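4 protein chains.
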Amino acid sequence: MALRTPEQYKQSLRDGRAVFFRGEKVNDVTTHPVIGIAVEHACIDYRMTEEAKYRDLAVVKDGAGEYSRYFHLPRNGEDLRKRSELIAASTREGATLVVLIKEIGSDALLALHLIAERMAAAGKPEYRERVHNYHRYCRDNDLAVAVAQTDVKGDRSLAPTAQDHPDYYVRVVEERPDGVVVRGAKVHTSVSTNTNEIIVLPTRAMRAEDKPYAIAFALPINTPGLKLIASPHGSSKKDSFEHPISARHKMMETLTVFEDVFVPKDRIFLNGEVDFAGLLALTFVRYHRFTAVSYKLPLLELLAGAGYAIAEANGIVRAAHVRDKLTHLAAYHTIVRGLIEHAAATCTIEEGGLAVPNTLITNVAKYHFAHNYHHAVQIVQELAGGLLVTAPEAEALTSEATRGYVMKYLGGAKGFDAEKRLRLLNLVGDLTASDFGGYQEVLAVHAEGGFEAEKLQAYREYDCKTVTSYARKLAGV
Amino acid sequence: MALRTPEQYKQSLRDGRAVFFRGEKVNDVTTHPVIGIAVEHACIDYRMTEEAKYRDLAVVKDGAGEYSRYFHLPRNGEDLRKRSELIAASTREGATLVVLIKEIGSDALLALHLIAERMAAAGKPEYRERVHNYHRYCRDNDLAVAVAQTDVKGDRSLAPTAQDHPDYYVRVVEERPDGVVVRGAKVHTSVSTNTNEIIVLPTRAMRAEDKPYAIAFALPINTPGLKLIASPHGSSKKDSFEHPISARHKMMETLTVFEDVFVPKDRIFLNGEVDFAGLLALTFVRYHRFTAVSYKLPLLELLAGAGYAIAEANGIVRAAHVRDKLTHLAAYHTIVRGLIEHAAATCTIEEGGLAVPNTLITNVAKYHFAHNYHHAVQIVQELAGGLLVTAPEAEALTSEATRGYVMKYLGGAKGFDAEKRLRLLNLVGDLTASDFGGYQEVLAVHAEGGFEAEKLQAYREYDCKTVTSYARKLAGV
Amino acid sequence: MALRTPEQYKQSLRDGRAVFFRGEKVNDVTTHPVIGIAVEHACIDYRMTEEAKYRDLAVVKDGAGEYSRYFHLPRNGEDLRKRSELIAASTREGATLVVLIKEIGSDALLALHLIAERMAAAGKPEYRERVHNYHRYCRDNDLAVAVAQTDVKGDRSLAPTAQDHPDYYVRVVEERPDGVVVRGAKVHTSVSTNTNEIIVLPTRAMRAEDKPYAIAFALPINTPGLKLIASPHGSSKKDSFEHPISARHKMMETLTVFEDVFVPKDRIFLNGEVDFAGLLALTFVRYHRFTAVSYKLPLLELLAGAGYAIAEANGIVRAAHVRDKLTHLAAYHTIVRGLIEHAAATCTIEEGGLAVPNTLITNVAKYHFAHNYHHAVQIVQELAGGLLVTAPEAEALTSEATRGYVMKYLGGAKGFDAEKRLRLLNLVGDLTASDFGGYQEVLAVHAEGGFEAEKLQAYREYDCKTVTSYARKLAGV
Amino acid sequence: MALRTPEQYKQSLRDGRAVFFRGEKVNDVTTHPVIGIAVEHACIDYRMTEEAKYRDLAVVKDGAGEYSRYFHLPRNGEDLRKRSELIAASTREGATLVVLIKEIGSDALLALHLIAERMAAAGKPEYRERVHNYHRYCRDNDLAVAVAQTDVKGDRSLAPTAQDHPDYYVRVVEERPDGVVVRGAKVHTSVSTNTNEIIVLPTRAMRAEDKPYAIAFALPINTPGLKLIASPHGSSKKDSFEHPISARHKMMETLTVFEDVFVPKDRIFLNGEVDFAGLLALTFVRYHRFTAVSYKLPLLELLAGAGYAIAEANGIVRAAHVRDKLTHLAAYHTIVRGLIEHAAATCTIEEGGLAVPNTLITNVAKYHFAHNYHHAVQIVQELAGGLLVTAPEAEALTSEATRGYVMKYLGGAKGFDAEKRLRLLNLVGDLTASDFGGYQEVLAVHAEGGFEAEKLQAYREYDCKTVTSYARKLAGV
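Protein chains in written order, with the numbering used here: chain L, 1 to 477; chain R, 1 to 477; chain G, 1 to 477; chain X, 1 to 477.
Dropping the structure here:
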């Protein structure tokens, strides 16, 4: 059963999981008015393996049989490039919203492979087999896998042990012969309402005294004690004329609570090895930022494309300042795309023969994306005009009382009647001036680690030594 | 009756006006679930004249009796400064959303005063008395007055007479002995659903052949043939915990249709004087951008203040990069405020003794505000963190099933329990990552004229000649 | 003798001072090929008091007789505005290079007045009279006065007492009944080669253990032990066709060494009062940044003016992207000028009735200037074209062998023959692409305190409390 | 003789060429005090083929024997990558100043190859053999080759035939059986004082009426009638302590005059084919911007390296704002390098099997470099401090009178005595605050086509259609 159908996927989510929405436990996520949209969105992944045009990209066939490319271990730049292409293609299907139900989980699996090899080399061989087994389990059952990494953290300026209570970071509260019991909570856990599994990783480097906090593991979503408190951000009822993207596409995030949850031994991938906690966190991010930049590409395509389309509809596409703005959007897209393709092409082959995308370039690409996103939004809003927030919407076009006026007066350039123009305006409005637009902005600066994190990692990866030697040589010192 | 109560104001809106919302005619705007919020918001203006702390600012007492300061004709910089202060104060009461029901109308009245003087000097004395009378009428009845300026324009690269149909710009279709009949439509008409009057101005300079389009006038909102098609942007049902600003504050915009509307003579302020059409448009903007920058100040205060408050709640306020970001917000606010105060102080006294804010500085202030707004939003979102869009909301805090987890895990720095922190997050979220946030972004770049318009006017006002002479002198040419 | 002639000023510099240039002691600074240019530049100050068109601005007449406005104690915003206008006017005469021989000294005198009052209030009355006497002495003898503030600092991350040797900050090495002996060195001391006096101020806040470093005083430049080691930056021989500014205008900076220099009691203005050291440093800067922004105005005028003039000469002034660039330069100038005028108008009246420019606005103005300078340079270089660095220069226009070609081929738009165009190009080149251009760039980001200092002071002065309260109120916390 | 020695190269320049410097004809460029420095700099190219560590990179060995890689026709991405690497390596040897004596000439040769193929396909086969022969001639004689492209242009807003005189663009004034006679002038011709040959290309697209202006050809530098009027920018006498780069490295530019110069038939590569003039201009630029970005890499390395080195010397390398600035420099370098490597890897194979770098990415890389250069300069100047322009220089360190003070007081962090620190400061000063720094700034925005040209070409190359389709699909229009 290495490839599941959308229906099988949906069926698998009816498993008694403890998901809460607006304070109430959700009986069936697949039929919930909000989470149900997220489930349908996630089905994109399972549908693509069935579609002829995506099959070669979405499915790998090798000794292990046919399975989702996400679970394929990349061995070279070409593998990474295809992985990136698949992420972009599914996000494009998702109307710029990433699907993520396998992307993020496989990022974590790849990181666990690398760290398990390193721990084995350091005299801790037991984790390697567990990781391999778990990887095969996910792959062969075509599972959807979330990742919980960011601890709630309390006062961010304090270490785990210095907080008001000891549970601001997920920790082991009991060691048992057959496993451990964990307590704590993670935030920003994406897609967890509708995956089968969740992988839990440490959020940062730990010191010797933080031993109970150096813990990584995986669990089925319906594990007792695991509570998923979903955010209702962006969940107001939406019309698909007014919100062409967000009425149909949604991703859920949860506050993920571990209320004394038991983790069996074979699902533990790190336990007390404080030296590897930070490394695991960073290694996950090495893959995950590559995923992130890959899934941002359709968003950048849409900013450029919608900018052009609406400028055309408004009759201003030939104005000098408009061309300047469109060029800016084109350059923004080109830089990010060029860099991420280059990051794949210049990957390194590391422990166990795994290909890792060029970390410096990946981080710089992510930073460039994040730093310039709001400005790109500004440009697209400028091109679209104030009608973005002042235009009449769906019913004004269907009502007899108003349709005539709207059609007569809101037409644009030749070939763009009022309806076409409003559809383009609504696309830009949904993308940039709605709660979904706000979601995209916040994701730009926070998802997969914020600015400061990306800058720090770029700084560390940059070959400062060589360029400083060059400076010293020219200075004669 | 120079000062009305909020109740009198509300009563005056039940006058049979033709307002359409989502395709349906609205019976009573004051009780409409969406427009009613806008009406309550507008009441701020009438409430302030009753409050002791605002009375001196909001009310002028002179030979004409006691009346709203908005209708006071400014004679010097101090008058302008107080006008600016009143606009800022009422917007502050409006939680960063401008009230506008008198601001914009009086901007238009001031422009009409100036142009009427100029037309009188050019041999067209009849408009002056009409303007004076109309001004007194609005003042003495304490009316709320909207302004419709932006024509729908069709293909923006074409002139009024070159469009698909001749009605893309409002025009006179019939001259009668007692007035004119007008046809056409305007967009982005703010507050028109809930004012008493509407002033209509040309949108741009006109050429000789555009004579029918050179028309300015005023009408009661319930004039037959006047149709207001309201935009439902941002009208989803909102909880005040999750949307502390936009659940309580709202401004309406309409597509304003003139379906062969009769305008009596004494309400016509320009009719065919093509040479004065562009001048009237620009003169209105000279006052209106001064209003605009004044009402943006509370928004800039809130960006800086919310940035600080949430950084504090997150325990990061002392980090170097955070201080850097807060300084950026402080400088942004300081520059815009300093410039607008300076624009008042360096006003010019023009026709009829009216004080006009320094146009160059006003435009530069507006441009600086507009150009940097999205970046400021980005900073505040960075300071707030991803919880902006991933946090549980209202019911998760009240539900027994989830409240314990939320309170335990979402606490922040000392003194900030989960509820306080979520309230601050929701404030930032409402301000920057919601449909209201999108509304603010779009307003920043489009309201009161877009970027390119501000740049053009700044360029024209700048004393290029003096600086070029200086350059030539130093170059010796 | 409250107003000296340029000749008297020059004569006063032949006093045996120990100035070193390229390792050699300079006999007479007024005739030195490089420093002599700086002396002539400084004469602008003495010449302006003689010129009818500047006399009212440059000279104050009151109970103390006629004297240079620089020595006038400002009592209100108008005094500050005139001070600012005088600084700008003399810098304009100096072709964008500040004169500074009284500006900086009087900034220090004003700060000393304020601190002496504060120290008197704190039980140290002796300094007040010394400051008053010294102020009168400078004023009544129309002296040129330099200020040495920045210590050499050694390792900038270490305190004065933690350095490799104790002399990295100027300190008292011996207390005598009639004065003190000081040792150490200051950098970046502007105009010291050609002033009569030098005032020495502490560079930063001091701790209790730094007592010997808490020292402020004044000395004649020719005091034994005072050594001025001048920087030769920008001192290559220059033709005034190729370098229309810097061939005629120059400012000197020195490494200023105090080799066990005796300071008599009446010239000591702070000695061991560690609590006032930082305050004095900051108070000086409050005035000095106001001076700084004032003297930057002609530079901003020239950037805008030269940008326009060269665009015109190149025949591109009507291109859309050119107008955009010119508008940017105009806005940059307007913001900085508007803010500094506003800083004068919103001054505070402090100890002894002295007017101090609005510190928040001054710092923000300085920061805005500094942050955007390089970008403005880029724009002007773009407008000018590559000929800035590839054009033939002076002799190619006079030589018979080449003049014909140059005149034929380097002409520009109508009215701009090759010579005119080259003159404009050379102006831009001297201003932006020469060692003088580099000097202006470095001054922009470092003079009168760098970026980080301005940001820090702006952050401190900003009313964070009020805006944070506003945010909290709106959030309901 | 496919590889020449530096000595052979220098000898070849003593050929009677008509080079003018400051109005005088230069007898021997190799011994001229200014041009001689440029000649020595150019020798880097000939020296590298002799050095073991560069031989594999600098020399190609194939059926045509051993010859300089610059003359190798690239067939794939790897060829382009090596070409880029060689350009960067020689520029690195040149202390960030490009050598260019073969780079630019071979860019032109490659473009001529492509256009000759296209013209052959369009029925004009005669040019192909001429290009091939000329290419072999340059390669087999290891020649240095300049390119003159930019016409003087007169009023830039007018076409060639609409100018004050017809010679503002180079044109054919006489057709002869054995060749043509050309007249006109080009500007910004780099390295022409010290190459053997010069290739002349049209500067822009031509219309039917511009036929005489559609001309491309090559000539030996000493051809009668060819006059090179050199720019003396940056030619003041320099000490290598104070100017560690520019005292030793120099590139010359000329106003290149064609005073009725005869061009023999086999040296003519375009003559009247107006349709190919613009294409040739653009094709040259497709290679030349790739060259440009390649040679900018050492400059970006030095900005990052010098920034780090001087921050270390100043003892501030660990400050948060410093790390932020260094990260910015690192990201800037990484983006430009990543993109240009990617442009090589994603080349297209065009006419005659020639590999052309990805034009979109090359232009975006160039644009990103150019747009951000001044800001990077600002950062490095901030890190270095004001001593950049106020420090004593060479002689102050050797003179007995001053050396002691300088050594005592200008030391920095541990390990950086005054001399070391001054050397680093001088490096930064030479790079950013000298006439050489100005030269680099102007080159950044103008060389190889300015901003607007790069933006235009990027806009044209960008796949606007695909992204607009995507937008339309999502909008449902």
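Glycine included, C-beta positions come from ideal geometry on N, C-alpha and C.
Values in this document were obtained by computation on a predicted structure and should not be read as measured data.
- Residue state for E448(X) is assigned as coil, using DSSP reduced to three classes.
- Between V152(L) and the set K186(L), V356(L), Y134(L), the nearest pair of CA atoms involves K186(L).
- Taking 8 Å as the cut-off, the Cβ atoms of L143(X) and E78(X) do not count as close.
- Beta bridge pairing from DSSP links L219(G) with I198(G).
- Per DSSP, the unbroken alpha helix (DSSP H) holding N363(G) starts and ends at 359-384.
- Y295(L) is positioned such that its CB atom lies no closer than 8 Å to that of I37(L).
- No Cβ-Cβ contact shorter than 8 Å links T327(G) with Q381(G).
- Counting C-beta pairs with one atom in each stretch, the stretch 49-67 of chain X and the stretch 200-218 of chain X have fewer than three that are closer than 8 Å, which means they do not touch.
- Sequence-ordered contacts of the stretch 267-282 of chain L with chain X are nonexistent [C-beta pairs closer than 8 Å].
- Closest option to Y459(R), judged by alpha-carbon separation, among A18(G), E126(G), H288(G), K325(G): K325(G).
- By the Cβ criterion, the stretch 366-377 of chain L is in contact with the stretch 442-449 of chain L, since at least three pairs of Cβ atoms, one from each stretch, lie closer than 8 Å.
- Shown here for E93(X): same chain residues with a beta carbon closer than 6 Å to its own, the five before and five after excluded, namely I44 in chain order.
- For the options L424(R), R421(R), A355(R), the alpha carbon positioned closest to that of H113(R) is the one of A355(R).
- Only residues of its own chain outside the window of five on either side were considered, and among them G77 have a CB closer than 6 Å to the CB of A345(X), listed in chain order.
- An exposed status is given to K61(R), since fewer than 16 other beta-carbon atoms sit within 10 Å of its beta-carbon.
- Residue pairing for Y462(R): DSSP places it in no beta bridge.
- In the displayed model, Y67(X) falls within a strand according to three-state DSSP.
- Contact with chain L is found for G476(X), since one of that chain's Cβ atoms lies less than 8 Å from the residue's Cβ.
- Between the beta-carbon of A2(G) and that of H249(G) there is about 27 Å, and that puts the pair past the 8 Å contact cut.
- Counting only Cβ-Cβ distances below 7 Å, A320(R) has contacts in chain X at A320, H321, in chain order.
- In the DSSP assignment, L226(R) is bridged to F258(R).
- Residues of chain L with a Cβ closer than 7 Å to the Cβ of T327(X) are, in chain order, K455, A458, Y459.
- For the pair E174(X) and D260(X), the Cα-to-Cα distance works out to about 9 Å.
- Taking a C-beta distance under 8 Å as the contact criterion, E312(G) and A413(G) qualify as a contact pair.
- In this model, T189(L) and Y134(L) are separated by some 20 Å (Cα to Cα).
- Using beta-carbon distances, P264(R) does not count as an interface residue toward chain L, since no partner is under 8 Å.
- Taking 8 Å as the cut-off, the Cβ atoms of D239(G) and S434(X) do not count as close.
- Cβ proximity to chain L below 7 Å picks out E301, L302, A304, G305, A306, Y308, A309 from the stretch 291-312 of chain X.
- Straight-line spacing of the CA atoms in N426(R) and K420(R) works out to 10 Å.
- With contacts defined by Cβ atoms closer than 8 Å, I361(X) and A343(X) form a contacting pair.
- Measuring C-alpha to C-alpha distances from R289(L) to each of D417(L), V364(L), V29(L), T348(L) identifies V364(L) as the nearest.
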